[in-house]
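Line by line, the protein sequences are chains A and B. Heads up: the first sequence is residues 71 to 720, going by our numbering. Heads up: the second sequence is residues 72 to 282, going by our numbering. As structure tokens, the structure follows; a few thoughts come after it.
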Amino acid sequence: MSLYLLAILVAALSGVPGLVTQKSGAKEAAALMSTSALLGILASAWVLFGASESGNSILMLPATALISWGLVSFDPIAAFFLVPVLLLSATASIYGIGYWGDHQSGARQVRFFLGLLAAFLALLVGATHAFVFLLAWEGMALMAFVLVMTEDREPETRRAAWIYLVCTHTGTLLLIGAFAVMAGATGSFAFSELPQGFASSGRGTAMFVLFLVGFGFKAGVLPLHFWLPSAHAAAPSHVSSVMSGVLIKMGILGFVRLVSWVPDPPGWWGGTLVALGAISGIMGVALALGQHDLKRLLAYHSIENIGIILLGIGLGLIGKSTGQPALQVLGFAGALLHVLNHSLFKGLLFLAAGSVVHATGTRDLERMGGLGRLMPKTAAAFLVGAWAICGLPPLNGFVSEWLIYLAAFRGLALSRWGFPLITLGALAVIGALALACFAKAYGVVFQGQPRSDQAAQAAESPSTMLVPMGILALACAAIGLAPVLSAAPLDHVLSMLAGNGQHLPTLGSLAGLPWLSFLAIPLLLLGFILWKWAAPKPYAKEQPTWGCGYTAPNARMQYTASSFADGLVQGMSWVLWPKVLGGRVRGFFPFPRRFESHLLDPVLDRIADPGLRGTAFLLSGLRFLQAGHLSIYLAYVLLTLLMLLVWMVV
Amino acid sequence: MIHDILITLTVLTNFTLVATSRVNKSIQVAAFQGVLLGLLPLTLGLGFHIHILLMAVAAVVVKGWFIPFLLRRALAKVHIHREVHPYIGYTVSLMLCALGTGMSIVLAHNLPLKPGGPFALFVPAALATLFTGFLLLVSRRKAITQVVGYLVLENGIYLFGLMLIGDMPLLVETGILLDLFVGIFVMGIVINHISVAFDSMDTRQLAELKD
């Protein structure tokens, strides 16, 4: 426990040396953040693998004030979420040495606020009192706002940061309301189990809806996701990796905490989460397909993965409300493991994307290409991340999606509702589209010929940027190859999510995790053979990819990012409404033509933006109230006072 | 008995304030009102406790001497003698003031206050003074007359606060001192900034600041 608090403190102070010394402080920040991560992960391992509660008494040495007042507690949920928080912060911090060097604007600020962000995130996972929770929540939101604002000279960045700030504050407002309703039921702002039957009452419903929207904003659940792509794209890449890997997961942490408080969730709670998860997952990946900006593409995939996590939580909740422990264990375990997995591989992908952006100076997919030869290590890291995010064995994405699949199949047999069926369909569609999307992303960025001079002159990133990617890639592989390791920690967390007096079966007895390891060995062997077989033969003539056998192929004949995805985007144009400009070529000797296609965000660009503009226009009718005369303003005060007095009398 | 007379005089000074056009006179009357209110705590039969004495002295000095002194000094600098063309004319102001006073009495009788207190006239007088202050603030153009309006408004609040003096004198004192501080501060800024930025003390100029 005190290790946990020490880790928070070290993380918070990691950026301070850079502020006070002449030197840049990047290495000091990375060293401190890594120390913090080691401390925190040690503490987590102690709690998650500790056989008994008394096992961690060594760490409990002095009961600090925060704990004795019941404000913070390092329970299994906190321990589980702390691992990605500190791991990702540490890798981002190491990565920052090379990526956001001192010649970049505001390098010291980025380090300082990244440290604070990690500290607030770490505090948030252990908060067991509404005030501490909200404090850490706001701290996290503001630090992230400052970090997104790093390149504030760009108007695009300012817009992204403001949208993010508005969204996060709306969410916090709703959370304050939700905690107030909850405190009304339990009688205290400290987190505790809600009374039996409260969840089904009208106020329980209000609480759930407030939590759903409040946490949904942070997690980026589909209709509330619109801050996410632009904020992730605008932030420096290592910050994006923390935001996408950990920050949006705090919304999921909220849902998980909520599940642990409610002994008897009504069935429709789980159903809502499954429905929202299916929409987020499918729409997220469909929107990702049409993006031209590498980081926006990854950001839409975060929405997709939040959808997958929600599918798992939703199934688990259905299991809890209908009293089916197997469904509960598999659903929650899949969701929780996917939280960890997604932060590992999405962090990895954002770091690899950052490395590409660092080398080429652009985020535009249409200006990349052929980087696999120039940056082989980055390409390998990106491939590992892409492989994992598509849910392919033998990496970690497969394990968690497999658990959710298992939950859905169990549910199909046990439940009379259609939600397991929705889950199965959604997961299948998501998996297929994700594969298509990453085939596009990897192919366009790393394969083929360079599409611009910057891409042709790219060089491999320094080792400070490659090592963090390597750490995350190894973590992905470790969970994928030995998923058994995750069973005991997950059982610890699941015991907190059980209803009162309920004994859950262990994950090991339901999922057969060791078999995945056995399966992985022949798969790796097969992959190795394929690789050897596909390696260039000595007699092969070197030709550009997609050269189509022309005599003088050039880089412009390749597939572009748009054309690669065009078939799927056109097929889904009834939901995506791509905006296409120009492009039709007529006649035998056509003139040069331009073609552009954009995928607008369905919520931000089609609903929120016009809606807010309309509201602003309507409200401008009230501008006459601002007359500019002091006397008239004072008259308003007088009128208000009079009305209040009259209202009191009548 | 004496406090009733003081309160009646206070209400009468309200009428003088809204009807006068000379700036100098309105400062004088406001100072007189301040002195009346400053003396009021001594007549409530609460004895001559140190808190009460301190409050009376502070109120008389600040409201009766210090602020009027500052206002007169400002007046001497800017050579204004009359409030010409107020937003609301003097006759109408007088009628509005009378209306406000009458309404205060009606309101005070219907407000859900603790019944049977010794201060039957306090609430209506306080409300009437409050309205008068607002009336001055709203209807006058010159910043300096508006400061007088603010002072009167302050007096109304002070009168309201006096009802609590027996129970919590320290609270009332600190509240009053804080109010005065803030009031003088704000109005000092207003006067100073208008005269610096626009070379005049007419608050109409401030309308240029709106966006």
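Quick reminder that beta carbons are idealized off the backbone N, C-alpha and C, glycines included. Owing to the predicted nature of the structure, the values given are computational and were not obtained by experimental measurement.
Problem - Any 3 or more C-beta pairs closer than 8 Å across the segment 152-167 of chain A and the segment 104-119 of chain A - result: Touching, per the Cβ criterion.
Problem - Beta-carbon proximity list for I492 of chain A, same chain, < 8 Å, skipping 5 on both sides - result: The residues are V344, A345 and A348.
Handout entry: C-alpha gap between L222 of chain B and I702 of chain A, whole angstroms
Key = Answer to the nearest angstrom: the Cα atoms are 19 Å apart.
Handout entry: For A149 of chain A and V329 of chain A, the rounded distance between their alpha carbons
Key = Approximately 17 Å between the Cα atoms of the pair.
Exercise for the section: Give a yes or no on whether the minimum CB-CB distance between P195 of chain B and chain A is below 8 Å. Expected result: No, P195 of chain B does not count as interfacial toward chain A.
Handout entry: Proximal residues to I233 of chain A (C-beta, below 8 Å), its chain only, five neighbours per side dropped
Key = F296, W297, S300, A301 and L674, listed in sequence order.
Exercise for the section: May I have the straight-line CA-CA distance separating A101 of chain B from T216 of chain B, to the nearest angstrom? Expected result: Between the C-alpha atoms of A101 of chain B and T216 of chain B there is a straight-line separation of about 11 Å.
Problem - Minimum Cβ-Cβ distance from S633 of chain A to chain C less than 8 Å - result: Reference to chain C is not applicable here, since the protein chains of this structure are A and B.
Exercise for the section: Find the residues of chain B that neighbour M718 of chain A, judging by a C-beta separation of less than 9 Å, and give them in chain order. Expected result: Under the 9 Å cutoff, chain B gives L178, N181, L182 and P183.
Practice task
Kindly indicate which three-state DSSP category A197 of chain A falls into: helix, strand or coil?
Solution key: For A197 of chain A, the three-state secondary structure derived from DSSP is strand.
Problem - Per-residue burial, Y169 of chain A [other beta carbons within 10 Å of its own, 16 or more giving buried] - result: Its Cβ being crowded by 16 or more others within 10 Å, Y169 of chain A is buried.
Practice task
Go ahead and label L45 of chain A buried or exposed: buried means 16 or more other beta carbons lie within 10 angstroms of its beta carbon, across all protein chains shown.
Solution key: Only positions 71 to 720 of chain A appear in this structure, which leaves residue 45 of chain A out of reach.
Practice task
Under 6 Å Cβ to Cβ from W457 of chain A, same chain only, skipping five residues before and after it: list those, please.
Solution key: Same-chain partners within the cutoff: L465.
Handout entry: Rounded straight-line distance, which links the Cα of L75 of chain A to that of L152 of chain A
Key = In this structure, the straight-line span from the alpha carbon of L152 of chain A to that of L75 of chain A is close to 12 Å.
Problem - Span separating the alpha-carbon of V655 of chain A from that of F665 of chain A - result: When rounded, the distance between both Cα atoms is 10 Å.
Handout entry: Beta-carbon neighbours of A705 of chain A, restricted to chain B and to distances below 7 Å
Key = Against chain B, the beta carbon of A705 of chain A has neighbours under 7 Å at V209, listed in chain order.
Handout entry: Whole-number beta carbon distance between A113 of chain A and A192 of chain A, since they are thought to touch under 8 Å
Key = Not confirmed; about 10 Å, so no contact.
Handout entry: Run of the alpha helix (DSSP H) containing H239 of chain A, from where it starts to where it stops
Key = Segment P225 to T256, the alpha helix (DSSP H) holding H239 of chain A.
Problem - Spatially closest choice to H199 of chain A from A:V142, A:H173 and A:G209, by CA coordinates - result: Ranked by Cα distance from H199 of chain A, the first of A:V142, A:H173 and A:G209 is A:V142.
Problem - DSSP three-state assignment for M130 of chain A, whether helix, strand or coil - result: Because the pLDDT of M130 of chain A is 45, which lies under 50, any placement of that residue in the model is unreliable, and the number read from its coordinates should be weighed accordingly. Helix.
Handout entry: Residues sharing a beta bridge with G286 of chain A, DSSP
Key = In DSSP, G286 of chain A forms no bridge with anything.
Practice task
Determine the burial state of C237 of chain A: buried for a count of at least 16 other Cβ atoms within 10 Å of its Cβ, exposed for fewer.
Solution key: Result: buried.
Practice task
Could you pull the start and end residues of the alpha helix (DSSP H) that S565 of chain A belongs to?
Solution key: That run of the alpha helix (DSSP H) goes A557 to L567.
Exercise for the section: Please confirm whether M210 of chain A and F182 of chain A have their CB atoms less than 8 Å apart. Expected result: Their beta carbons are not under 8 Å apart, which means M210 of chain A does not touch F182 of chain A by this criterion.
Practice task
Can you give me, in chain order, the residues of the segment 142-169 of chain B that have a beta carbon less than 7 Å from any beta carbon in chain A?
Solution key: Those residues of the segment 142-169 of chain B placed with their C-beta closer than 7 Å to a C-beta in chain A are Y158, ordered along the chain.
Practice task
Quick one: list the residues of chain A neighbouring F205 of chain B, beta-carbon separation under 7 Å, in chain order.
Solution key: Simply L704 and L708.
Practice task
Would you check if the distance between the CB atom of H371 of chain A and the CB atom of G354 of chain A is smaller than 8 Å?
Solution key: In contact: H371 of chain A and G354 of chain A (Cβ atoms closer than 8 Å).
Exercise for the section: Measure how close the beta-carbons of S164 of chain B and A199 of chain B come, nearest whole angstrom, since I'm counting them as under 8 Å. Expected result: With a beta-carbon spacing of about 14 Å, S164 of chain B and A199 of chain B fall beyond the 8 Å limit used to define contacts.
Problem - Same chain, Cβ closer than 8 Å to L280 of chain A, five either side skipped, listed in chain order - result: So the list reads L244, L245, G247, A248 and V251, once near-sequence residues are dropped.
Problem - Contained alpha helix (DSSP H) runs [length at least 4] in the segment 87-156 of chain B, N- to C-terminal order - result: If we require 4 residues or more, the alpha helix (DSSP H) runs fully inside the segment 87-156 of chain B come out as 94-110, 121-130 and 138-149.
Exercise for the section: Could you pull out every residue in the same chain whose Cβ sits closer than 7 Å to the Cβ of S92 of chain B, ignoring the five residues on either side in sequence? Expected result: Hits under 7 Å: R153, E154 and Y161.
Practice task
Taking only the alpha-carbon atoms, compute the straight-line gap between F103 of chain B and D75 of chain B and give it to the nearest angstrom.
Solution key: The alpha-carbon atoms of F103 of chain B and D75 of chain B are separated by roughly 16 Å.
Handout entry: Sequence-distant residues of its chain with Cβ nearer than 7 Å to P336 of chain A (five each side left out)
Key = These residues qualify, in order along the chain: A269, S270 and S391.
Problem - For T256 of chain A and L577 of chain A, the rounded distance between their alpha carbons - result: CA-CA distance, L577 of chain A to T256 of chain A, rounds to 32 Å.
Exercise for the section: Tell me whether A450 of chain A sits in a helix, a strand or coil according to DSSP, three-state version. Expected result: Helix at A450 of chain A.
Exercise for the section: Would you grab the beta carbon distance between A477 of chain A and L400 of chain A for me? Rounded to a whole angstrom, and I think it's under 8 Å. Expected result: By a beta-carbon distance limit of 8 Å, A477 of chain A contacts L400 of chain A. Their separation comes to about 4 Å.
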